[in-house]
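Its first residue numbered 1, the sequence shown is counted upward by one per residue in UniProt numbering.
Only one structure is covered here, and it is reproduced in the block below.
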Amino acid sequence: MSEKKFGNIDLDRKIPRVISQPQKARTRLRMRMVDRNIARVAEGLRLTGQRSNTVNKIMTQLPKESEMEPRDKYTIFSKKSKTYRKGAHRQPKWTKVTNRTIPKGF
1 MSEKKFGNID
11 LDRKIPRVIS
21 QPQKARTRLR
31 MRMVDRNIAR
41 VAEGLRLTGQ
51 RSNTVNKIMT
61 QLPKESEMEP
71 RDKYTIFSKK
81 SKTYRKGAHR
91 QPKWTKVTNR
101 TIPKGF
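Printed below as a string of structure tokens:
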């Protein structure tokens with residue numbers, strides 16, 4: 001029996017186990033848009049002669065969408081899961097937060 005309930009609604013049953021193909025496509029599109037925007041901001045700063053430590057950190061530490069494995073694009077680390085992974089769409093506000101980095105070894 002599921003423990004996640006909101007009133008009479010079982011929350012675990014409302015979210016499918018796997019991410020759908022359209023959700024995967026939108027995820028890839030969002031990641032590409034973020035990559036493009038970061039590159040544009042970095043280029044604009046470079047042209048004006050300004051520097052930003054935050055933008056430099058993002059450019060060096062976060063992988064681009066094209067460099068990521070599918071496993072890392074569509075799943076996130078979960079210490080409670082048997083395989084230490086769960087679908088990214090099961091995370092609250094999964095379209096608003098970055099899921100590009102995971103703990104080493106997972």
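All residues carry an ideal CB built from backbone N, CA and C; glycine is no exception.
- Item | Chain-order list of residues whose beta-carbon lies under 8 Å from that of M1 (same chain, five-residue window excluded) | In this prediction, M1 has a pLDDT of 48, which is less than 50 and means its spatial position is unreliable; what the coordinates show is noted afterwards. Residues of the same chain with their beta carbon placed closer than 8 Å to that of M1 are lacking, with the five preceding and five following residues left out of the count.
- Task: Would you list the residues sitting across from R85 in a DSSP beta bridge?
- Result: Looking at the DSSP assignment, R85 forms a beta bridge with F77.
- In angstroms, rounded to a whole number, what distance separates the CA positions of R46 and V97? Roughly 26 Å separates the two Cα atoms.
- Message: Using only the alpha-carbon positions, how far apart do E69 and R100 sit?
- Response: If you take the alpha carbons of E69 and R100, they lie about 10 Å apart.
- Residue range of the unbroken alpha helix (DSSP H) whose run includes V55: Segment 53-61, the alpha helix (DSSP H) holding V55.
- Contact set for M59: own chain, Cβ-Cβ below 7 Å, skip 5 residues either direction: Within the same chain, M59 has close Cβ partners I38, A42.
- For H89 and Q21, believed in contact at Cβ under 8 Å, the rounded distance: Actually they are not in contact, since the Cβ atoms of Q21 and H89 sit about 12 Å apart, beyond 8 Å.
- Task: Figure out for me which residue from R85, M31, V55 has the closest Cα to the Cα of S66.
- Result: When each option's Cα is compared against that of S66, the closest is M31.
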